[in-house]
Structure formats: structure tokens, C-alpha cells
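Visitor: Dropping a structure here in C-alpha cells format, bear with me for questions.
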Amino acid sequence: MPTTNMMRNLIFHFSFLFFVVFPCLSHSNFTNSDKSALLAFKSSVRDPYNHLENWFNSSSICNWSGITCDSKHERVTILSLEKMGLQGTLPKELLQLQRLEILNLSYNGFTGEIPSWIGSLYTLQHLVLGNNSFEGFIPPTISNLSKLETLDLNSNSLQGSIPFNIGRLQHLKILRLSRNKLSGIIPPTLSNLSSLEWLALSVNELQGHIPIDMYKLTKLKIIYLEVNKLTGQIPRSIGNLIMRASRIIS
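Heads up: the sequence shown is residues -26 to -1, 1 to 224, going by mature numbering (1 follows the signal peptide of the UniProt record, and there is no 0).
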């Protein structure tokens, strides 16, 4: 039979493992996961100006160019690499950045499709991929990013229609899809974006009418729809929207 002292020692050691050792191991594993994801990203892109030269395995990721970590767990929260001349496609390893809040790769030379797995970065608040050379369709899985406030896919070569389920993004404030090859209609579900302040859909191949329910976008300040194939009259119901917005259509 174990003695009382033996039981106390067992409980102490178990508590030490559970509350001290295991959390440290878990923290280390997550940090290493973020590091391996970023190193995979580095190896998959071309970096002609060596902006990522301080990304190496023996250094802390929180000191790397374009990286911001949270102070408590040292998990990557911001990956901001705009205007660095980077070229390549997005590797799936980025999916390991499960605390990522801002992904900004704008003004680079990224190609290929915007991958559907991007909709599994559930903590994303700002997705900024504008001014690249992305092709293909806007993945409908983007609607899974329930915390998203900015979706900027401006100035790429995206085609197809705007996914109707983007209307599920209740926190979205900025939607920039201008200067692509998007076709089809303006989804009436955009009127569900109650937080929207900036809507840019200009210079595409959008057709049909402006959705009549867009008057519901009471926070909208800027709207760009020019250089499309839109037809019909501007609905009277969005007259107040026209007065508020800096620009609507030409």
C-alpha cells in the first residue's frame, strides 16, 4: 500500500508535469511549427533583393523581417511583406500559422491561384494580396474567415464571379476587388455586409444591375463601380448612398 507521503509526492510530480513542463513543451512545439512554416515559405519564393536574409533556423522568428509575434506565446500574428519584389506561389505550410491576424503580401510578384486552404486561417482579420499576378477564382472558402475586416485582392488577374457567400463576412469593412477579370453579377448578398465602409469593384467585367438592397449598407463611405458592363438605372432606393459615397459609377 502506498504511504501518504508517497501519494503526496506522486501528486506533486504529476502537477509539476501538467502545469509547468507540458505547457512549455506545447509552446515550443507551436513556435517550431510557425518557424517551419515560414522557412518553407522562404524556400518556395524568389527573393531577388534578399529581404528575407535574416530568416534562418537558429534565430528567433520574432526578429525576422516582416514578422510580428504576440508577446505571450511568441506565435506569429502578422506576416507583412509588401513591396519586397517576392515571386512564387503560396505554400500550404502557411496553414500552420494558426494565430495569424494579418497577411499582407501586396505589391509583389506572386502567381498561381489563391488556395482554398486560406479559408482555414480562422484568426485572419486582414487579408491583403493586392497588386500581384494571382489567377483563377476567388475561393469561396474565404467566407469561413469570420473575423475578416479587410479583403484586398485588387489588381490581379482573378476571373469568374464574386462568391455569393462573401456576404457572410459580418465584420468586413474593406472589400477591394478592382482591376481583375471578374464577371457575372454583383451578388445581392453584399447588402448583408453591415460593417462595410469601402467597396471597390471597378475595372472588371461585371454585368447586370446594381443590387437594389445596397441601401442597407449604412456605413459605406466609398464605392467604386466604374468601367464594368453594368446596365439599367441606379436604383432610387440607394439615392442616399450616392450622396454619402465619394464616388459610385461613371
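All C-beta atoms, glycine included, are put in the ideal place defined by N, C-alpha and C.
For His183, which of Glu200, Leu194, Ser169, Glu171 has the nearest alpha-carbon?
Guide: Indexing the sequence shown from 1 puts residue 183 at position 209. Out of Glu200, Leu194, Ser169, Glu171, Glu200 has the C-alpha closest to the C-alpha of His183.
Visitor: What residue does the beta strand (DSSP E) around Leu126 start on, and which one ends it?
Guide: Within the sequence shown, residue 126 is the residue found at index 152, counting from 1. Note that residue 126 corresponds to Asp in the displayed sequence, not to Leu. Element bounds for Asp126: 124 to 126.
Visitor: May I have the straight-line CA-CA distance separating Cys(-3) from Asp8, to the nearest angstrom?
Guide: The residue labelled residue -3 in the question sits at position 24 within the sequence shown. The residue labelled residue 8 in the question sits at position 34 within the sequence shown. Caution is warranted here: a pLDDT of 42 is assigned to Cys(-3), below 50, making its placement in the model unreliable, and the coordinate value is therefore given only provisionally. C-alpha separation (whole angstroms): 16 Å.
Visitor: Where does the unbroken beta strand (DSSP E) through Arg150 begin, and where does it stop?
Guide: Counting from one through the sequence shown, the residue named residue 150 turns up at place 176. Per DSSP, Arg150 belongs to the beta strand (DSSP E) from 148 to 150.
Visitor: Confirm, please, whether the CB-CB distance from Ser135 to Ser165 is below 8 Å.
Guide: Reading the sequence shown from its first residue, position 191 is the one you call residue 165. Reading the sequence shown from its first residue, position 161 is the one you call residue 135. No, they are not a contact pair.
Visitor: Please state whether DSSP places Tyr198 in a helix, a strand or coil.
Guide: Looking up residue 198 in the sequence shown gives position 224. In this structure, Tyr198 counts as strand in the three-state DSSP scheme.
Visitor: Rounded to the nearest angstrom, what separates Leu12 and Leu68 at their Cα positions?
Guide: Taking the sequence shown and counting its residues from 1, one reaches residue 12 at position 38. Taking the sequence shown and counting its residues from 1, one reaches residue 68 at position 94. Their Cα atoms are separated by approximately 7 Å.
Visitor: Measuring straight from C-alpha to C-alpha, what distance separates Asn128 and Ser80?
Guide: Along the sequence shown, one-based indexing puts residue 128 at 154. Along the sequence shown, one-based indexing puts residue 80 at 106. Between the alpha carbons of Asn128 and Ser80 lies a distance of about 9 Å.
Visitor: Check for me: the beta strand (DSSP E) holding Gly59 runs from which residue to which?
Guide: Against the sequence shown, residue 59 aligns to sequence position 85. Gly59 -> no beta strand (DSSP E), and no H or E assigned at all.
Visitor: Mark residue 236 as exposed unless 16 or more other C-beta atoms lie within 10 angstroms of its C-beta, in which case mark it buried.
Guide: Outside the displayed span of the chain (-26 to 224) sits residue 236, for which this structure offers no information.
Visitor: Compute the Euclidean distance between the alpha carbons of Gly40 and Leu122, then round it to the nearest angstrom.
Guide: The residue given as residue 40 occupies position 66 in the sequence shown. The residue given as residue 122 occupies position 148 in the sequence shown. Going from the Cα of Gly40 to the Cα of Leu122 covers about 20 Å.
Visitor: Within the continuous beta strand (DSSP E) that includes Thr51, where are the two ends?
Guide: Position 77 of the sequence shown holds residue 51. Thr51 -> beta strand (DSSP E) spans 50 to 54.
Visitor: Is the beta carbon of Thr124 closer than 8 Å to that of Ile148?
Guide: Position 174 of the sequence shown, counted from the start, is the residue given in the question as residue 148. Position 150 of the sequence shown, counted from the start, is the residue given in the question as residue 124. A contact, by the Cβ cut-off of 8 Å.
Visitor: Measure the C-alpha to C-alpha separation of Glu56 and Ser107 and round it to an integer number of angstroms.
Guide: If you number the sequence shown from 1, residue 56 lands on position 82. If you number the sequence shown from 1, residue 107 lands on position 133. Rounded to whole angstroms, Glu56 to Ser107 spans 14 Å at the Cα level.
Visitor: Is it buried or exposed, Thr192, if we count other Cβ atoms within 10 angstroms and call 16 or more buried?
Guide: To locate residue 192, count along the sequence shown from 1; it is residue 218. Exposed.
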